[in-house]
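Mapping of the sequence shown onto numbering that gives the first Met the number 0: position 128 corresponds to residue 127, and the numbering continues sequentially without gaps.
Think of the CB as a built atom: it goes at the ideal place given N, C-alpha and C, for glycine as much as any other residue.
Reading through the structure tokens given below for one structure.
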Amino acid sequence: MKTLDKIPTGKIERAGKLVKTGVKVGGNYVKYYSKKLVHGDVSKEELNEDNASDIYDGLKSLKGSALKVAQMLSMEKNLLPRAYVERFSLSQFSVPPLSAPLVRKTFKKYLGNYPEEIFDSFDPESINAASIGQVHRAVKDGKQLAVKIQYPGVAQSISSDLALVKPIATRMFNLQGKDSEKYFREVEDKLLEETNYVLELSQSKEISKACDHLPNLDFPQYYESLSSERILTMDWMEGTHLSDFAKTSFSEKTGNQLGQTLWDFYMYQMHGLRKVHADPHPGNFLISEDHRLIAIDFGCIKEVPDEFYIPYFELAQREVIE
């Protein structure tokens, strides 16, 4: 896969990328309606595929919150046409990674040394690259490690990116309504939290410790001395991404067991901790060889306040239902 030597970080530069994408989308509409005039019955699926491809290509070069919105929308299978869901879902763990020189520069800035000076070995090629950061494999003191590196400029561009993406998303995907402002405000707040790897490390340790009694569920160990606000180091966990595993052939017993594990995990968070892992896309879960669920990302945690929890779950009480 092609690597990136530079990510646009300036507001004008990033806006220019989105404008170019908008021009391509406009051209797709012109092409679609021209065909429709000539041939009459033309499927809109081709237009959706062209638009989804052009929008995703534009967003993946920006990375950050612009691409994160695409990742979130890919989870809304009832909201978007199939072409958008399929293309945007690539943002979960398959986008162009940073080049090795840019990775080394990030290490020097945030940990004070280059990766080869910190680890016994470090793979300069990323294993996974998603919307906000990419993951590299490393070894230190005999331990296999996963090192997540945040893309440059992501945290600083969140507000301006969402201001640019919001009008496009609301019009193209019909997100208008009184709740759209609240939705995008929540997205912005959570993205700002998600770019703080010091906070993610703290949340990861807290959730994994609180949930370590749950059956069939594993978490990596996190290493504070090898982490910073933009770099996060944890155990390397062997497994298959949940979305890939779901496409394989497995027994009903295995499916039921994994489903029960997910249910137990989220129910304990909701009722035991009054907080939830709020970014549950398949890229954040692995399935081990012995079919255990592995949760690997806690950058986005949502507190569940009493004013929501109490009235909501009162609706599930027997006397209310009956």
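query                                                                                                                                                              : result
With H, G and I counted as helix, E and B as strand and the rest as coil, what does DSSP make of Val134?                                                           : strand
Using DSSP with H/G/I as helix, E/B as strand and the rest coil, what is Lys23?                                                                                    : helix
Give the straight-line distance between the Cα atoms of Leu285 and Ser207, rounded to the nearest whole angstrom.                                                  : 15 Å
Where Gly39 and Tyr55 are concerned, what is the direct C-alpha to C-alpha distance, given to the nearest angstrom?                                                : 29 Å
Where Gly258 and Tyr311 are concerned, what is the direct C-alpha to C-alpha distance, given to the nearest angstrom?                                              : 23 Å
Between which two residues does the beta strand (DSSP E) containing Ile230 stretch?                                                                                : Ile230 to Asp234
Are the CB atoms of Ser120 and His135 nearer to each other than 8 Å?                                                                                               : no
If you run the structure through DSSP and keep just helix, strand and coil, what is Asn283?                                                                        : helix
Using DSSP bridges, identify the partner residues of Phe121.                                                                                                       : Ala137
Kindly indicate which residue of Phe297, Phe218, Tyr28 and Val37 has the alpha-carbon position closest to the one of Leu190.                                       : Phe297
Contact defined as beta carbons within less than 8 Å: I believe Leu231 pairs with Glu199. What is the distance between those atoms, to the nearest angstrom?       : 6 Å
In chain order, what residues of the same chain have a beta carbon less than 7 Å from the beta carbon of Lys35, not counting five sequence neighbours either side? : Val41
With DSSP collapsed to three states, give me the class of Ala277.                                                                                                  : coil
Near Asp53, what residues of its chain come up, given a Cβ to Cβ distance below 8 Å and the 5 sequence neighbours on each side ignored?                            : Thr20, Lys23, Val24 and Asn27
According to DSSP, which residues form a beta bridge with Lys301?                                                                                                  : Val275
Taking the Cβ atom as the reference point for each residue, do Glu44 and Ala69 lie within a distance shorter than 8 Å?                                             : no
What are the boundary residues of the beta strand (DSSP E) that includes Leu292?                                                                                   : Leu292 to Ala294
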